[in-house]
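This report refers to the structure that appears directly beneath it.
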Amino acid sequence: MGFKRVRYVKAIIPLMLALALVAIVSCGGAAEDEAAPTAAPVATAAPAATAAPAATAASPGGQPQATTAAANTPTPVPQPASTAIAMSTAAPDPTATPVPEETGEASTTAQAMAKPEGKYGGVIDMHVAGNVAHWNIMECGSGGTCMSPTSPFSNGLVHYNGETPEPLDIRGDLATGWTVTEGGTRYLFDLPEDARWHDGVAITSDDVVFSINEMLRTDVPRPRSGQIRPYVASTEAIGPYQVQIDLNFPSSAFLAFLATDFMKMWPKHHVGDDPDTQKNMRLEENILGSGPFKMVEHEKDSVYRWEKNEDYFKEGLPYFDGMNYFIINDSSRILAAYKAEQVLMTVYLNSNMNVRAGQELQEDREGKGRVFFAGPTLWHGMLINTEKEPFNDVRVRRALNLILHRQAFNEIFGAGEYLIGSPLPPDQWFGRTTEEWLDWPGLRQTDDGQKHPDDIAEAQRLMAEAGYPEGFETTILAANFLSFPDMAQVAADQMERWLGIKATVQPEEPAAGYVRYEAGDWSLGFHGNGILVMDPDQLIAGSYLSKATRNYSGWEPEKIRELYDAQIVETDTEKRRQLVLEMGDYLANEDTHVAITTWAMLVPYVDNRIKNYNVASGFANHTNKEHLWYEE
Numbered sequence: 060m061g062f063k064r065v066r067y068v069k070a071i072i073p074l075m076l077a078l079a080l081v082a083i084v085s086c087g088g089a090a091e092d093e094a095a096p097t098a099a100p101v102a103t104a105a106p107a108a109t110a111a112p113a114a115t116a117a118s119p120g121g122q123p124q125a126t127t128a129a130a131n132t133p134t135p136v137p138q139p140a141s142t143a144i145a146m147s148t149a150a151p152d153p154t155a156t157p158v159p160e161e162t163g164e165a166s167t168t169a170q171a172m173a174k175p176e177g178k179y180g181g182v183i184d185m186h187v188a189g190n191v192a193h194w195n196i197m198e199c200g201s202g203g204t205c206m207s208p209t210s211p212f213s214n215g216l217v218h219y220n221g222e223t224p225e226p227l228d229i230r231g232d233l234a235t236g237w238t239v240t241e242g243g244t245r246y247l248f249d250l251p252e253d254a255r256w257h258d259g260v261a262i263t264s265d266d267v268v269f270s271i272n273e274m275l276r277t278d279v280p281r282p283r284s285g286q287i288r289p290y291v292a293s294t295e296a297i298g299p300y301q302v303q304i305d306l307n308f309p310s311s312a313f314l315a316f317l318a319t320d321f322m323k324m325w326p327k328h329h330v331g332d333d334p335d336t337q338k339n340m341r342l343e344e345n346i347l348g349s350g351p352f353k354m355v356e357h358e359k360d361s362v363y364r365w366e367k368n369e370d371y372f373k374e375g376l377p378y379f380d381g382m383n384y385f386i387i388n389d390s391s392r393i394l395a396a397y398k399a400e401q402v403l404m405t406v407y408l409n410s411n412m413n414v415r416a417g418q419e420l421q422e423d424r425e426g427k428g429r430v431f432f433a434g435p436t437l438w439h440g441m442l443i444n445t446e447k448e449p450f451n452d453v454r455v456r457r458a459l460n461l462i463l464h465r466q467a468f469n470e471i472f473g474a475g476e477y478l479i480g481s482p483l484p485p486d487q488w489f490g491r492t493t494e495e496w497l498d499w500p501g502l503r504q505t506d507d508g509q510k511h512p513d514d515i516a517e518a519q520r521l522m523a524e525a526g527y528p529e530g531f532e533t534t535i536l537a538a539n540f541l542s543f544p545d546m547a548q549v550a551a552d553q554m555e556r557w558l559g560i561k562a563t564v565q566p567e568e569p570a571a572g573y574v575r576y577e578a579g580d581w582s583l584g585f586h587g588n589g590i591l592v593m594d595p596d597q598l599i600a601g602s603y604l605s606k607a608t609r610n611y612s613g614w615e616p617e618k619i620r621e622l623y624d625a626q627i628v629e630t631d632t633e634k635r636r637q638l639v640l641e642m643g644d645y646l647a648n649e650d651t652h653v654a655i656t657t658w659a660m661l662v663p664y665v666d667n668r669i670k671n672y673n674v675a676s677g678f679a680n681h682t683n684k685e686h687l688w689y690e691e
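Position one of the sequence shown corresponds to residue 60 (the numbering used here), numbered consecutively onward.
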């Protein structure tokens, strides 16, 4: 059937290889002379912004109806089908990442940019699942509600190279090159002298220093951008077009974090460097970037419209004249819009389709488009508000973690292709294997596929000991994408069946759901968390420390903090692995604020007429679209 499956659990390439490629880009890979682009046919013009028919009734190429899903009752849980995903070819097993080596003296080598060989023109219709929550990339924790809408008008210092199938190739975005010295603790980045913000003001090293320091702030939310905090000791402008970043210790993860699309630069002159008088960058009226596109229209529940930045500092880019991001949440309408060619690609890895929907779409679009099954790229699981009774009792939390039947979630929502919901992803160099976790309390089942009776008995004992032998009533908040309301209903059924807990599912539009999470207006939740970098630093800091992206109740046991702080500076691979194993065991056996059910795939789609597309290695990569073009 031609299914495109990218399972990074078996295909993850060590970051050292990426760093070797970085060294080529920054220190030895001079760009070829850029030839004039060939004449190209222009993509068909996008439909005018008029009232649109429903996606299910539209003719091919018609404009989709942007919708949000109903927020009253969850849709029926899909039943398992017999369709299977074709396995990818064998790939190297995951290995630990060595720290970066020095690249020598300062280099003036230009950023290695591909020759502009694409075809220009076209306003391309794309799909995004969810309204924007706000426009502050520094405070952004979500791919759909703030990262993907801000990326087209933004640049980072470096980014993942979308022009190569190598998933971990990092190259300059604003940076034209860089060097690593002082035993891997000093990075010196060179900047272009002709780059400008969209208001015409020159981009300088002061903007980069300001932006990095904004990421390091601890007095305001930094759920993703703040994940570089442990590494950065200081930043300094070395003249107007060089920036020096000194690290606390050598780390390969630093550059990998910095390259994600959450680490964007801000214009210092526009934002203001006084925290008390800064512009509110959450507001649309304060948007100002430097990227390949400018937003010209935004209509909630409908569309974002982008036009090409004619003054972009990267010669020959972008190719598209513009883009329309249509906001469609409802799963059936998403599938219909792709089938009818109303939208030609997913804005980032998350299409809001599950594996079964992706299988159906690939069958329908065979030879016309590609569906990718990329993973593990995130976890799905039940969030527990540790600040609210009765969930402030560790016995209740342990009971919930024991009682969920992970294999059922995998079969229903992942067609059996997801990975078991261990605290850390299985089959990585730093953790346990799938086989080991399948024997673990809470993750095991009987030979005939039933929930293990010993886990049920222990969960019931813990509930009785906590004073809830008959259960209690509660609610489960579920943002209305990625089938979270349906997953919440499966969890509710399991909790009532075995613990007597009666849980009412509360679906919410994604942006509204995040508001409730951040306000503490929830008891249980069903959600997910994307992986920025497949490294223990990110997996722990991004999920289990007090300021983690989905740790809305601020849970952080002293034991987890101690082990995290020890492993992040440990240079011996086996010693570091043992520290990470100890963290995983603690989370599985003692306490957690999230009961992970599966390590899941995201399922993006791209039409074959979209050229130069390479599936990203993470959900926060390749999202500004500067390198793509349309060609019949």
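The beta-carbon is built from N, C-alpha and C at its ideal position, and this holds for glycine as well.
Only a predicted model underlies this, so the values are computations on that prediction, with no experimental measurement involved.
Top-ranked residue by Cα proximity to residue i, from the options
{"i": "residue 571", "options": "317, 536, 371 and 358", "result": "536"}
{"i": "residue 529", "options": "511, 551, 550 and 555", "result": "555"}
{"i": "residue 240", "options": "308, 179, 206 and 219", "result": "308"}
{"i": "residue 473", "options": "237, 625, 220 and 661", "result": "661"}
{"i": "residue 579", "options": "567, 467 and 612", "result": "612"}
{"i": "residue 296", "options": "274, 259 and 248", "result": "248"}
{"i": "residue 648", "options": "467, 632 and 458", "result": "458"}
{"i": "residue 623", "options": "299, 541 and 489", "result": "489"}
{"i": "residue 220", "options": "690, 287, 184 and 684", "result": "684"}
{"i": "residue 436", "options": "178, 191 and 657", "result": "657"}
{"i": "residue 442", "options": "653, 499, 185 and 502", "result": "653"}
{"i": "residue 614", "options": "444, 590 and 428", "result": "444"}
{"i": "residue 229", "options": "676, 595 and 691", "result": "676"}
{"i": "residue 434", "options": "449, 413 and 447", "result": "413"}
Spatial distance of residue i from residue j (CA atoms)
{"i": "residue 323", "j": "residue 526", "result": "49 Å"}
{"i": "residue 678", "j": "residue 349", "result": "22 Å"}
{"i": "residue 263", "j": "residue 330", "result": "14 Å"}
{"i": "residue 671", "j": "residue 687", "result": "5 Å"}
{"i": "residue 515", "j": "residue 461", "result": "7 Å"}
{"i": "residue 210", "j": "residue 326", "result": "15 Å"}
{"i": "residue 650", "j": "residue 540", "result": "28 Å"}
{"i": "residue 243", "j": "residue 201", "result": "31 Å"}
{"i": "residue 402", "j": "residue 507", "result": "43 Å"}
{"i": "residue 206", "j": "residue 524", "result": "44 Å"}
{"i": "residue 193", "j": "residue 639", "result": "35 Å"}
{"i": "residue 383", "j": "residue 590", "result": "27 Å"}
{"i": "residue 406", "j": "residue 428", "result": "15 Å"}
{"i": "residue 423", "j": "residue 588", "result": "30 Å"}
{"i": "residue 366", "j": "residue 354", "result": "6 Å"}
Reduced DSSP secondary structure (H/G/I, E/B, other) of residue i
{"i": "residue 645", "result": "helix"}
{"i": "residue 548", "result": "helix"}
{"i": "residue 601", "result": "coil"}
{"i": "residue 687", "result": "coil"}
{"i": "residue 618", "result": "helix"}
{"i": "residue 293", "result": "strand"}
{"i": "residue 324", "result": "coil"}
{"i": "residue 429", "result": "strand"}
{"i": "residue 581", "result": "coil"}
{"i": "residue 567", "result": "strand"}
{"i": "residue 596", "result": "helix"}
{"i": "residue 183", "result": "strand"}
{"i": "residue 639", "result": "helix"}
{"i": "residue 670", "result": "strand"}
Per-residue burial, residue i [other beta carbons within 10 Å of its own, 16 or more giving buried]
{"i": "residue 102", "result": "The predicted model places residue 102 with a pLDDT of 38, which falls under 50 and marks its position as unreliable; any figure quoted below should be read in that light. Classification for residue 102: buried."}
{"i": "residue 339", "result": "exposed"}
{"i": "residue 396", "result": "buried"}
{"i": "residue 342", "result": "exposed"}
{"i": "residue 426", "result": "exposed"}
{"i": "residue 605", "result": "exposed"}
{"i": "residue 532", "result": "exposed"}
{"i": "residue 292", "result": "exposed"}
{"i": "residue 681", "result": "buried"}
{"i": "residue 621", "result": "exposed"}
{"i": "residue 252", "result": "exposed"}
Min CB distance residue i to chain B below 7 Å
{"i": "residue 221", "result": "Here chain B cannot be found, since the structure has a single protein chain."}
**Prompt:** At which residue ranges does the segment 478-554 contain complete alpha helix (DSSP H) runs of 4 or more residues, listed in the order of the chain?
**Reply:** Segments of the alpha helix (DSSP H) lying fully in the segment 478-554: 493-496 and 512-524.
**Item:** Contiguous beta strand (DSSP E) assignments of at least 3 residues, all confined to the segment 205-287
**Value:** Contiguous beta strand (DSSP E) elements confined to the segment 205-287 occur at 217-219, 229-231, 236-240 and 245-249, taking only those with 3 or more residues.
**Request:** Output the residue ranges of the beta strand (DSSP E) runs that lie fully inside the segment 309-382 and measure 3 residues or longer, sorted by chain position.
**Result:** Listed in chain order, the complete beta strand (DSSP E) runs (minimum 3 residues) inside the segment 309-382 are 352-358 and 362-367.
**Request:** Within the segment 389-435, note down every full beta strand (DSSP E) run reaching 3 residues or more, in order along the chain.
**Result:** Annotation: the segment 389-435 contains no complete segment of the beta strand (DSSP E) (minimum length 3 residues).
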